[in-house]
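Quick notes on the structure that follows.
Chains as they are written, first to last, in this note's numbering: chain D, 12 to 179; chain B, -10 to 499.
Here is the structure:
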């Protein structure tokens, strides 16, 4: 197999399977722990608050333990690729800006953040000329403003720019 | 014929000018949602659900709201076929089987025929399913009026066990994904005792995880990430449908009446039992290939190979609303989102709906007939327009879809925390999809978690903690028994295979 550096596996199928199964097991353990704290038994007036989730946690742990064991025993998955380096890079170039975008919403409001985000995406991945980038990103935010604030009267988070324009 | 009378009244409700307009808006939005990558029936409805909150408060508003949302669902079902035939990209999981013969047809320059066949058979499938709903749901609802907490819990159990028994994903992954959904549903205030569960002192978790946010993240963001991996370019065939092509295809279609009927039956069955549209489409494609005289030519561009999966997918997608309306148990993720909508609008899905909210139920059923006719007209006339949407480059459409998803999650509770959760669910959706953990049972468990728990606890209260209440009479006993059979079905079929294999192995010995 060639395909250059991008085709190199970043994670193998087997490690991904095991990591996810272990993570779900951990979540199950947390559910069991908290349900036991609340009381998972029969109270004076019926089942206690942790009664139902306790068993959910138990099944969650048991099924992910089986998944973990199956992943460990599986020989076929050892050499299969879960995600290639090139693919992972592409996914991260979207995921990280998206996380920054969500952080930005709390600070600048959703309209400005969206315009910046769409602009970044178009410039970085689509390599569009600036005038197209500006037209689409600003046009998009204006359209959403009209739809949500004016047409449906659903207020979305706004920041300093909207305050400056007197749109609050 | 009580049903016919009620249906006529339903048509009176659905035929108001406002509802007809909403129907067309819903269908167009739905097709766009079905065509776009990362937006599908489930999360499209989830994003638009908050916009109906104010609409639903007006008198008769809940009916208009459900007509809008269900038409988005029909539109998305139609839209999935466009992308799979023209671009070989299934816009929805249930249209994967449509690509097998639809895309070869498009490559041969017969895209118009393939699309006409797909839309027409979708319509036929939906129509048969709506007829089934019209006549079967009052019967089921009347029957379910007698249900007590143990029976309801047994129905929930049956739903969830059916996922384990019938999904093609590994059974333990299905189980893990489902239990994760129940655990997420348990977060927040316990509805019975008021105790705080699994919040660990966080105020953001007090109200729990909202299934709408989970759906938007799992299906929307997760899908975008998956699409990205496969590269950014879409290459598609040209489509032009004119009246000649439509009429020619319609002349050909009656030949496949048996395939249609069979696929519709498979679809209705799989939709009512929560198997869902996706396995239904694959199953009926397989069945059609086996029974058709041209079976060996399937995959090279047979119209019949488009008819079978589309009929089944649409029949299943439509009939998934039957258990949702009559029992409060949705048969598909999109039906689960619609059920969540009903709860938010203050309606109790279940048998009483047919007694207390006659206008709502029959208005909805009537709108299914009208909505699918509207859908057929819209898609047949506007295909080039919808295909043009797919030619918008991914680097423009993807960020806009993510912005729509973010707005959708924010508007659920007006909280930024939900938007963060959407991103987390998006990553989870991406990883789960890649490792073939099914997402449908997770979503269904988040939606139904509280109700399933409530009926379980009520049943336990009645019996004072005695589990034998789930076998206390013939009805609940057979429901529970069937559920357990389905739960252990993967194990049983594995055992049967082994026994057969060892038997034939033994015969080979001298």
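Just so it is clear, CB atoms sit at the ideal spot from N, CA and C, and this is done for glycine as well. Since the structure is predicted, the reported quantities are computational estimates derived from the model, not experimental observations.
Which first and last residues belong to the alpha helix (DSSP H) in which residue i is found?
i	result
residue 103 (chain B)	100 to 133
residue 309 (chain B)	First-last for residue 309 (chain B): undefined, no H or E at that position.
residue 89 (chain B)	85 to 96
residue 164 (chain D)	Careful: residue 164 (chain D) lies outside any alpha helix (DSSP H) and carries neither H nor E.
residue -2 (chain B)	-9 to 3
residue 268 (chain B)	266 to 280
residue 440 (chain B)	429 to 452
residue 426 (chain B)	Where residue 426 (chain B) is concerned, there is no enclosing alpha helix (DSSP H), given that its DSSP letter is neither H nor E.
residue 139 (chain D)	Per DSSP, residue 139 (chain D) belongs to no alpha helix (DSSP H) and is neither H nor E.
residue 344 (chain B)	342 to 345
residue 235 (chain B)	232 to 241
residue 334 (chain B)	Careful: residue 334 (chain B) lies outside any alpha helix (DSSP H) and carries neither H nor E.
residue 145 (chain B)	138 to 155
residue 19 (chain B)	6 to 24
Are residue i and residue j touching if we call contact CB-CB under 8 Å?
i	j	result
residue 66 (chain B)	residue 303 (chain B)	yes
residue 70 (chain B)	residue 18 (chain B)	no
residue 436 (chain B)	residue 311 (chain B)	no
residue 266 (chain B)	residue 356 (chain B)	no
residue 522 (chain B)	residue 260 (chain B)	As displayed, chain B neither begins before -10 nor continues past 499, which places residue 522 (chain B) out of reach and without an answer.
residue 112 (chain D)	residue 128 (chain D)	yes
residue 26 (chain B)	residue 158 (chain B)	no
residue 39 (chain B)	residue 412 (chain B)	no
residue 24 (chain B)	residue 72 (chain B)	yes
residue 164 (chain D)	residue 122 (chain D)	no
residue 148 (chain D)	residue 165 (chain B)	no
residue 172 (chain B)	residue 31 (chain D)	no
residue 133 (chain B)	residue 340 (chain B)	yes
residue 300 (chain B)	residue 253 (chain B)	yes
residue 65 (chain D)	residue 47 (chain D)	yes
residue 152 (chain D)	residue 126 (chain D)	yes
residue 359 (chain B)	residue 12 (chain B)	yes
residue 534 (chain B)	residue 207 (chain B)	Absent from the structure is residue 534 (chain B), since the part of chain B shown begins at -10 and ends at 499.
residue 51 (chain D)	residue 72 (chain D)	no
Near residue i, what residues of its chain come up, given a Cβ to Cβ distance below 8 Å and the 5 sequence neighbours on each side ignored?
i	result
residue 498 (chain B)	For residue 498 (chain B), the predicted model reports a pLDDT of 47, less than 50, meaning its position is unreliable; a value from the coordinates is still stated below. Excluding residues within five positions, none has a Cβ falling inside 8 Å.
residue 162 (chain B)	424, 425, 426, 427
residue 141 (chain D)	134
residue 501 (chain B)	Nothing can be reported for residue 501 (chain B): it is not among the residues displayed for chain B, which extend from -10 to 499.
residue 239 (chain B)	105, 109
residue 288 (chain B)	89, 90, 93, 294
Taking the beta strand (DSSP E) that residue i belongs to, which residues open and close that run?
i	result
residue 95 (chain D)	92 to 95
residue 23 (chain D)	20 to 23
Sorted by chain position, which residues of the same chain lie with C-beta nearer than 6 Å to residue i's C-beta, five sequence neighbours on each side aside?
i	result
residue 115 (chain B)	303, 307, 361
residue 55 (chain B)	353
residue 12 (chain D)	Confidence at residue 12 (chain D) is low in this model, with a pLDDT of 36, below 50, so the placement of that residue should be treated as unreliable; the coordinate-derived value is given next. Nothing meets the Cβ criterion.
residue 274 (chain B)	86, 297, 298
residue 388 (chain B)	none
residue 171 (chain D)	none
residue 94 (chain D)	21, 22
residue 398 (chain B)	202, 205, 407, 408, 411
residue 281 (chain B)	293
residue 61 (chain D)	46, 49, 50, 51
For residue i, which residues of its own chain have a beta-carbon under 7 Å away from its beta-carbon, when the five flanking residues on both sides are left out?
i	result
residue 138 (chain B)	444, 447, 448, 451
residue 15 (chain D)	Because residue 15 (chain D) sits at a pLDDT of 47, beneath the cut-off of 50, its placement in the model cannot be relied upon, and the point is left open.
residue 50 (chain B)	44
residue 135 (chain B)	none
Any residues in the stretch 173 to 186 of chain B with a beta carbon nearer than 8 Å to a beta carbon of chain D? Which ones, in chain order?
175, 179, 181, 182, 184, 186
Contacting positions in the stretch 388 to 412 of chain B - beta carbon closer than 9 Å to chain D:
388, 389, 391, 392, 393, 395, 396, 399, 400, 403, 405, 408, 409, 411, 412
Taking any Cβ of chain B, which residues in the stretch 64 to 75 of chain D have a Cβ under 8 Å from it, in chain order?
Cβ contacts with chain B come from 64, 67, 68, 70, 71, 74, 75.
I'd like to know if the stretch 176 to 186 of chain B and the stretch 380 to 398 of chain B are in contact, where contact means that at least 3 CB-CB pairs between them fall below 8 Å.
no
Give, in chain order, every residue of the stretch 129 to 146 of chain D whose Cβ lies closer than 7 Å to some Cβ of chain B.
129, 132, 133, 136, 137
Kindly confirm or deny that the stretch 130 to 149 of chain B and the stretch 104 to 113 of chain B touch, where touching means at least three C-beta pairs closer than 8 Å.
no
If you measure beta-carbon to beta-carbon, which residues of the stretch 419 to 443 of chain B are closer than 7 Å to chain D?
Those would be 420, 423, 424, 442, in chain order.
Indicate whether the contact test is met: 3 or more Cβ pairs, each with one atom in the stretch 2 to 14 of chain B and one in the stretch 167 to 177 of chain B, closer than 8 Å.
no
Positions along the stretch 37 to 48 of chain D whose CB lies within less than 8 Å of some CB in chain B:
Listed by position along the chain: 38, 39, 41, 42, 45, 46.
Any chance the stretch 471 to 483 of chain B sits against the stretch 148 to 156 of chain B, with 3 or more Cβ pairs inside 8 Å?
yes
Given 8 Å as the limit, is there contact between the stretch 364 to 372 of chain B and the stretch 9 to 18 of chain B, that is, 3 or more CB pairs closer than that?
yes
Selection of the stretch 154 to 170 of chain B by Cβ proximity to chain D, strictly under 7 Å
161, 162, 164, 165, 168, 169
Using a Cβ-Cβ cut-off of less than 8 Å, list which residues of the stretch 89 to 122 of chain D approach chain B; keep chain order.
Within the stretch 89 to 122 of chain D, the residues whose Cβ lies closer than 8 Å to some Cβ of chain B are 93, 94, 98, 101, 102, 105, 106, 109, 110, 112, 113, 116, 117, 121, listed in chain order.
Quick one, which residues of the stretch 353 to 384 of chain B are near chain D if we go by CB-CB under 9 Å, in chain order?
382, 383, 384
Give me the subset of the stretch 272 to 287 of chain B whose CB atoms are less than 9 Å from a CB atom of chain D, sorted by chain position.
none
For the stretch 23 to 41 of chain B, which residues have a CB atom closer than 8 Å to at least one CB atom of chain D, in sequence order?
39, 40
Short-range partners of chain B found in the stretch 159 to 171 of chain D, where Cβ spacing is below 9 Å
159, 163, 164, 165, 166, 167, 168
Looking at chain D, which residues of the stretch 196 to 218 of chain B have a Cβ within less than 8 Å of any of its Cβ atoms?
210, 213, 214, 217, 218
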